[in-house]
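Residue numbers (my numbering): 65 to 354.
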Amino acid sequence: MSTSTGAGASATLTLGNDLTVNRLGFGAMRLTGPGVWGPPADRDECLRVLRRAVELGVDFIDTADSYGPYVSEELIREALHPYDGVVVATKAGLLRTGPDEWPVLGFPAYLRQECEMSLRRLDVETIDLFQLHRIDTKFPLEDQIGELVALQQEGKIRHIGLSEVNADQLDAARAITAIASVQNMYNLTVRTAEPVLDACENHGIAFIPWFPLAAGPLAAPDGPLQRIAAEHHASPSQLALAWLLKRSPVMLPIPGTSKVAHLEENVAAAQIDLTDAEFDTLSQAGAAQA
65 MSTSTGAGAS
75 ATLTLGNDLT
85 VNRLGFGAMR
95 LTGPGVWGPP
105 ADRDECLRVL
115 RRAVELGVDF
125 IDTADSYGPY
135 VSEELIREAL
145 HPYDGVVVAT
155 KAGLLRTGPD
165 EWPVLGFPAY
175 LRQECEMSLR
185 RLDVETIDLF
195 QLHRIDTKFP
205 LEDQIGELVA
215 LQQEGKIRHI
225 GLSEVNADQL
235 DAARAITAIA
245 SVQNMYNLTV
255 RTAEPVLDAC
265 ENHGIAFIPW
275 FPLAAGPLAA
285 PDGPLQRIAA
295 EHHASPSQLA
305 LAWLLKRSPV
315 MLPIPGTSKV
325 AHLEENVAAA
335 QIDLTDAEFD
345 TLSQAGAAQA
């Protein structure tokens, strides 16, 4: 166990060249209704989750205009504004046409519109990290990234990030402007983004894994995750987070929840120090499930 407590036990990384955050953040997608559509069932509990996260040392909150849509950003503003010591990241590039429906739209004017609306909802003059939620192949990448660069030059965006890209797309975006982060699905058993993670390490780019708690059969009662978790008096999901934190110094997991108790369990994972042998065991077991 680390001697630090809360999210501060996870060490830090720097987004861009000026935003240093603890390496265990919070993903705000679940602060919504079923299908990431509409308001949450317990709005007050969601506000408590956000405030408790900051109390526990979480200083990186990830959201998107499409969560709700708009619901997550509005809750973040209500709970945390003026965000003292907290970095808020959001995204644009997806439409919402109903529960679990996410059409991609990277039309530059739409990206600008959504940035302007996120500025209003979050009640800020500058968004710390603005991420292109998906690359839209119907429009040139240069136009999509170029619009974000224009917003950055206008002072409306501090840093630019990407989501669900491959290594070639990351290289193409980096040829246009500096990229501060990449957010791809990545966990113990889903590692198709390894080449992107390697590129992020090489270039000092934060890698934000979404769906970080997935462990599948590894969490079975007789599985390696359960056995090692028991040795640390931890849960399998905590071990999954601890593995991510040890996997790379640029890793910034953002486990999300709408319950304070689950939040506290997730944040406690930052205190788990896996041995090299435990890390290797989990890595090999996860690779076998991939």
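Virtual Cβ for every residue (Gly too), placed ideally from N, Cα, C.
- For ASN266, the enclosing alpha helix (DSSP H) starts and ends at 258-267.
- Under the DSSP assignment, VAL118 falls in the alpha helix (DSSP H) whose first and last residues are 107-119.
- In the DSSP assignment, LEU305 falls within the unbroken alpha helix (DSSP H) covering 300-311.
- In the three-state reduction of the DSSP assignment, PRO273 falls in the strand class, which pools E and B.
- ASP192: not part of any alpha helix (DSSP H); member of the beta strand (DSSP E) spanning 191-196, first to last residue.
- Within the stretch 167-221, the runs of alpha helix (DSSP H) at least 4 residues long that lie entirely inside it are, in chain order, 172-186, 205-217.
- When the alpha-carbon of MET249 is set against those of ALA156, ALA257, ALA117, the nearest one is in ALA257.
- Distance check between LEU95 and each of VAL85, LEU282, ASN81, ALA143 places ALA143 closest, using alpha-carbon atoms only.
- With fewer than 16 neighbouring CB atoms inside 10 Å of its own CB, ARG115 falls in the exposed class.
- Under the Cβ criterion (8 Å, minimum of three pairs), the stretch 87-101 counts as touching the stretch 156-171.
- Here the alpha carbon of CYS110 sits roughly 25 Å from the alpha carbon of THR84.
- Per DSSP, reduced to three states, the secondary structure at GLY280 is helical.
- Annotated three-state conformation of ILE292 is helix, per DSSP.
- Distance from the CA atom of TRP307 to the CA atom of ILE140, rounded to whole angstroms, is 28 Å.
- Exclusion of the five residues before and after SER136 leaves ALA92, MET93, LEU95, THR96, THR127, ALA128 as the residues of its chain whose Cβ lies within less than 8 Å of its Cβ.
- Taking C-beta atoms under 8 Å as the contact rule, ILE243 and LEU226 qualify, at a distance of about 6 Å.
- In this chain, SER136 is not harboured by any beta strand (DSSP E); it is covered by the alpha helix (DSSP H) spanning 135-144.
- Distance from ALA71 to VAL122 at the Cβ level is roughly 5 Å; contact confirmed, criterion being Cβ atoms closer than 8 Å.
- DSSP places VAL85 in the uninterrupted beta strand (DSSP E) bounded by 83-86.
- Sixteen is the threshold: when 16 or more other Cβ atoms of the shown chains lie within 10 Å of the Cβ of ALA278, as they do, the residue is buried.
- GLU211 and ALA173 have their C-alpha atoms some 8 Å from each other.
- At a Cβ-Cβ threshold of 8 Å, ILE199 and LYS220 do not count as neighbours.
- Here ALA304 has LEU252, LEU277, ALA279 as same chain residues with Cβ atoms under 6 Å from its own Cβ, once five neighbours each way along the sequence are excluded.
- Straight through space, the alpha carbons of VAL113 and VAL324 are spaced by roughly 5 Å.
- Apart from the 5 residues on each side of it in sequence, PHE271 sits with its Cβ closer than 6 Å to the Cβ of VAL246, LEU261, CYS264, VAL314, MET315 in its chain, given in chain order.
- Residue range 324-332 is occupied by the alpha helix (DSSP H) that includes LEU327.
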